[in-house]
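For the sequence shown, the residue numbers in this note's numbering are 35 to 395.
Virtual Cβ for every residue (Gly too), placed ideally from N, Cα, C.
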Amino acid sequence: MKTSLPDPRPRRALRADHPLSAAVAAAVQSVGSGSEALFVSRLAGAVRKLLQRGDEAAVLAALDEASGPAAAAIAEAVDMAINGAGDDEDVALLARVFLLPILFVVGGKAPARIAGIVPDVAPITALLKEAGALGAVENFGLSNALGTFEAAAVVSPRRLFDVVRGLGTGGPDSLIEPAGIDIAKADEQVHLRFLAGASVTPADLPGFLERSSQVGRWGMPLSQQLARQLGEEGLSLLPLPRAPRPWFAALEDGRFARAELAFNLFATGAIRRIRSETGDPVADVSARDDGTIRVDLLSPLDPMLRHAHAWPLTAADDVGRVELAVRELLRDCRVQSVTVHAEVKAAEPLVQPGPFNLLRH
């Protein structure tokens, strides 16, 4: 499917004197050549050397400064550096760290609170092992703390590097703090949490991602287990687990999945309301100069009936991927008229001030 949206974000790149600049540029240039894995592996080697000598500031700067394909390449390389041993490291076993993203769709009761601790994580770990969620790897454990994106995102790469090598920094239980979900309104909402884990494997073997099973094999039983442990009477609770991934990959996967599901909840509700009042809606999709993709759903018969949603873009987001997600949902919802603007537009509030509140969301 052809994409049309422009990228509204300012271009960001590593400064020329950054120690990873040349390796990042080579990795980005290799995209589509069939040799991406080789160049990302070389970038991971450079990241590993920075972490070994304690120059975490350079790694954090790389993660913070780059955007687009460069940001994706750096995140992948950091995961590889953390979870893989270099030729100069004398380690036999690695406790490779990962995150299990979980989307919680909640509604129907307010006020309510979902605990930030899974009361009994043992049956969840057993379920994942039985289903082969981490492939042939069976020696792994999960923390019982449901942590936020923000808590997981600020965990130090050097700390993860040390945990993997067992340097006295604790296991996954010590990595992120639990955070409950406070529900203030009964409307359907989506929240993102992570369970941290570690898989103990020989250093010379590949990580679990090379052999992990599909979520379809274990996602529903895990969802049911979490709902039983965390639910309460009157609360609609649907946990939606995602595939376990290395730390920084899981952060991006979970964040994108949450943004996509939030848009889905908005669009399906708005389309249903417009159809019930005036008939089929039309959609207007545009990139905004505040770094968001805005979707307006409106009635062609009643200009006052308009619903708007802003999809925030992060540095690593692929605008084409976001556009495809928007288009595919609108197609699945049988929205026939979709206008996608090829120019960046000025940002405007989702709800206009004044007596009419033209935008409802």
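Query                                                                                                                 : Result
Buried or exposed (CB count within 10 angstroms, at least 16 for buried), V188                                        : exposed
Closest Cα partner of K58 within the set V112, S38, G253, L85                                                         : First, the amino acid is wrong: residue 58 is Val here, not Lys. Comparing Cα positions, the closest option is V112.
Environment of T326 [buried if 16+ CB atoms lie within 10 Å]                                                          : buried
Residues of its chain near R251, where Cβ-Cβ distance is below 6 Å and the 5 sequence neighbours each way are ignored : A165
Expected contact under 8 Å - CB spacing of A232 and G175 to nearest Å                                                 : 6 Å
N-terminal and C-terminal residue of the beta strand (DSSP E) that N216 is part of                                    : It should be noted that the sequence gives Asp, not Asn, for residue 216. Where D216 is concerned, the enclosing beta strand (DSSP E) stretches over 215-217.
Cβ shell of A350 (< 8 Å), same chain only, five flanking positions each side left out                                 : S101, G102, A105, A106, A109, E286
Residues near E70 by beta carbon distance below 6 Å, same chain, minus five either side                               : S64
Buried versus exposed call for E267 [16 or more other C-beta atoms within 10 Å across all chains shown]               : exposed
Alpha carbon of G253 to alpha carbon of D98, nearest angstrom                                                         : 32 Å
Assigned exposure category for P153 - 16 Cβ within 10 Å defines buried                                                : exposed
Three CB pairs or more closer than 8 Å across the segment 363-381 and the segment 318-334                             : yes
Given R193 as reference, the closest of D41, A129, S270, A218 once Cα atoms are compared                              : A129
In chain order, each alpha helix (DSSP H) run of at least 4 residues that lies wholly inside the segment 102-129      : 103-117
Burial state of G118 (16 or more Cβ within 10 Å)                                                                      : buried
Sequence-distant residues of its chain with Cβ nearer than 6 Å to P206 (five each side left out)                      : S177, A230, G231, A232
Rounded straight-line distance, which links the Cα of N173 to that of H343                                            : 43 Å
P145, DSSP secondary structure in three states                                                                        : coil
Rounded Cβ spacing between E311 and L339 (contact assumed at less than 8 Å)                                           : 6 Å
C-alpha distance - F300 paired with L137, whole-angstrom precision                                                    : 16 Å
Assigned secondary structure, I136 (DSSP; H/G/I helix, E/B strand, else coil)                                         : strand
Per DSSP, the bridge partner or partners of I151                                                                      : A179
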